[in-house]
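Please read the structure below before turning to the comments.
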Amino acid sequence: MYIDQGTRSDPLKRRVRRQTPLEVREEALAFIDQFYREVAPDQDAERLRRRREVAGLLRRHGHYDHTPEELAYGARLAWRNSARCIGRLLWKSLEVVDCRHVTETDEIAACILEHVTRANSEARTPSIISIFAPIRNKVAPAYVESAQILQFAGYIQEAGGVIGDPANVEMTRTAISLGWRPPASPGHFDVLPIIIRDQAGRRLLYEMPPSSYRMIDITHPTVEAIGALGLRWYATPIISDMILSIGGVDYPCAPFNGFYMATEIASRNLTDVARYDRLAEVARALDLDPADPLWRDVALTELNRAVLHSFTAAGVSIIDHHTASEQFVTFVEKEHTARRPTSADWSWIVPPQASAGCAVFHLSMKDLRRVPNFYRSRASDGMNLEPFVWRHEHRPRLARLDRWRRRLMSWIRRRYAG
Ligand code: ARG
Numbered sequence: 001m002y003i004d005q006g007t008r009s010d011p012l013k014r015r016v017r018r019q020t021p022l023e024v025r026e027e028a029l030a031f032i033d034q035f036y037r038e039v040a041p042d043q044d045a046e047r048l049r050r051r052r053e054v055a056g057l058l059r060r061h062g063h064y065d066h067t068p069e070e071l072a073y074g075a076r077l078a079w080r081n082s083a084r085c086i087g088r089l090l091w092k093s094l095e096v097v098d099c100r101h102v103t104e105t106d107e108i109a110a111c112i113l114e115h116v117t118r119a120n121s122e123a124r125t126p127s128i129i130s131i132f133a134p135i136r137n138k139v140a141p142a143y144v145e146s147a148q149i150l151q152f153a154g155y156i157q158e159a160g161g162v163i164g165d166p167a168n169v170e171m172t173r174t175a176i177s178l179g180w181r182p183p184a185s186p187g188h189f190d191v192l193p194i195i196i197r198d199q200a201g202r203r204l205l206y207e208m209p210p211s212s213y214r215m216i217d218i219t220h221p222t223v224e225a226i227g228a229l230g231l232r233w234y235a236t237p238i239i240s241d242m243i244l245s246i247g248g249v250d251y252p253c254a255p256f257n258g259f260y261m262a263t264e265i266a267s268r269n270l271t272d273v274a275r276y277d278r279l280a281e282v283a284r285a286l287d288l289d290p291a292d293p294l295w296r297d298v299a300l301t302e303l304n305r306a307v308l309h310s311f312t313a314a315g316v317s318i319i320d321h322h323t324a325s326e327q328f329v330t331f332v333e334k335e336h337t338a339r340r341p342t343s344a345d346w347s348w349i350v351p352p353q354a355s356a357g358c359a360v361f362h363l364s365m366k367d368l369r370r371v372p373n374f375y376r377s378r379a380s381d382g383m384n385l386e387p388f389v390w391r392h393e394h395r396p397r398l399a400r401l402d403r404w405r406r407r408l409m410s411w412i413r414r415r416y417a418g
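Under my numbering, think of the first position of the sequence shown as 1, with each following residue one higher.
Pasting the structure below:
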């Protein structure tokens, strides 16, 4: 563990949504309504009691605490509303670990270690979220600054070029400045420590012991030369830089994991020019003809095959993009049956591989920006998130008016709040 001085300018402050007390109240009550509508539709008296309670708490203290049930269901709703995620058929299975009482960085790191260990130890990767303390009356709790709990270091070479993941060059520099010592001979797949920022703004480093996670060596079922490239990836992605927003309460420290779709590794991380950029190497290993303009397509497909094969052989959950695409269509159908529109961002849902060959390519999609949800920053994906208000279902004119009101509010915020 290493520590730095601490600063008073907390980058989190620039990321969280700014909301008026009225907006918080509206989101809170809309969430309570949704919770009861979906979880306990027959308990109307209880719903009204809870609404009054929440409104009272907000009026007196500017904050309310979710019950464990509300927290768990809220997190699942946040996943269900995540417009960019193709894997949402599983939204109900999200396991919620309530860590709201954990506020010290050492303890946070210990809980995260437990999360990493569990996500990596079971045959079928469970989807887990660990939720730490929320922002209360604008006071930020400790939170994780790293984008993911497991990620690879990237080192700029003096001669030019990068060893490791170019996406993490900045993070690597920061870790080193905070006292992290990279391995004696830096490699392409060195796992970075995580950075946790405490309440006073100090940044602390924590390393996840290698025994807590799994690394998968990428090999191809028939082409040995692919295995010889020495490509690897970690088994489970654990996103840690998104703010979970439920009923007007923001949880800036809520790392969650799913399992990989092979294209994420094979068609993006290992092959994007701005990432590992290994496609030409893969093509050489496959002995492809560089004069064939389709060499990239073949290489991408075979690298996907290799990733799927390696994860499956290691007994780690993984999904191919065609199956994921079908599952997403099933999700949309199920939502439709439940009389709920699905929020989706086409440019994220459609896989980077065989796009029109996947069913999702042919669906029309709309990002409804619903809360509960996850977001990174109010300046980008946190912009214009809004609650689903039931009465609008029955009064479209009211909905239109409300939409204009929100647009005006958001314009004013952008214009004057800086
Ligand atoms: N695309 C990111 C990565 O390659 C992970 C995003 C989350 N993915 C997931 N399957 N849950 O590391």
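Beta carbons are placed, not taken as given, at the ideal position from N, Cα and C, and that holds for glycine.
Residue range of the alpha helix (DSSP H) that L48 falls in? 44–61
Does the distance between the C-beta of I128 and the nearest non-hydrogen atom of ligand 1 fall short of 7 Å? no
Neighbourhood of I239 by C-beta distance below 7 Å, restricted to the same chain and skipping five residues each side: Q148, P255, F256
Less than 7 Å separating the Cβ of N373 from some heavy atom of ligand 1? no
Which of helix, strand or coil DSSP assigns to G382: coil
Assuming D320 contacts L303 under a Cβ cut-off of 8 Å, what Cβ separation, rounded to an integer in Å, is found between them? At roughly 12 Å, the Cβ-Cβ gap does not stay under 8 Å, so D320 and L303 are not in contact.
Using a 10 Å radius around the Cβ and a threshold of 16 neighbouring Cβ atoms, would you call E27 buried or exposed? buried
Any heavy atom of ligand 1 inside 7 Å of the beta-carbon of M242? no
Minimum C-alpha distance to V298 - residue among R284, S310, F311: R284
Residue closest to L363, alpha-carbon to alpha-carbon, out of L150, P351, R370, N373: P351
Classify W390 as helix, strand or coil using the three-state DSSP reduction. helix
Paired residues, beta bridge with Q148 - DSSP: I239
Thinking C-beta only, is F31 closer than 8 Å to G62? no
Are the stretch 121–128 and the stretch 85–100 in contact at 8 Å, needing three or more beta carbon pairs? yes
Residue ranges of each alpha helix (DSSP H) within the stretch 281–353, 4 or longer: 295–313, 321–337, 346–349
For N373 and I156, I'd like the C-alpha separation in whole angstroms. 36 Å
Is the CB-CB distance between C358 and S317 below 8 Å? no
Can the beta-carbon of P134 be found closer than 8 Å to that of D241? no
Flag P352 as yes when its Cβ comes closer than 7 Å to any non-hydrogen atom of ligand 1, and as no otherwise. no
Applying the 10 Å Cβ sphere with the 16-neighbour rule, what's the burial state of E122? exposed
Does the Cβ of V39 have 16 or more other Cβ atoms within 10 Å, making it buried, or fewer, making it exposed? exposed
Buried or exposed, going by whether 16 or more other CB atoms sit within 10 Å of the CB of N34? Note on identity: in this sequence residue 34 is Gln, with Asn being the wrong assignment. With 16 or more Cβ atoms within 10 Å of its Cβ, Q34 is classed as buried.
Is D165 buried or exposed, if buried means 16 or more other CB atoms sit within 10 Å of its CB? buried
Could you tell me whether the Cβ atoms of A344 and A83 are closer together than 8 Å? yes
With L89 and Q327 assumed to form a contact (beta carbons below 8 Å), what rounded beta-carbon distance in angstroms separates them? 4 Å
Closest residue to L150 among N137, P209, Q199, S355 (Cα-Cα distance): P209
Pull up the distance between the alpha-carbon of R80 and that of G248, whole angstroms please. 17 Å
Whether R197 touches Y143 by CB criterion (8 Å): yes
I86 lies in the alpha helix (DSSP H); which residues open and close that run? Counting along the chain, I86 falls outside any alpha helix (DSSP H), and DSSP gives it neither H nor E.
Beta-carbon within less than 7 Å of Q43's beta-carbon, same chain only, minus the 5 sequence neighbours each way: which residues are those? Y36
Output the distance between the C-alpha atoms of I108 and V191, rounded to the nearest integer angstrom. 19 Å
Looking only at its chain, what residues have a beta carbon closer than 8 Å to the beta carbon of D10, apart from the 5 residues adjacent to it on each side? A140, R197, G201
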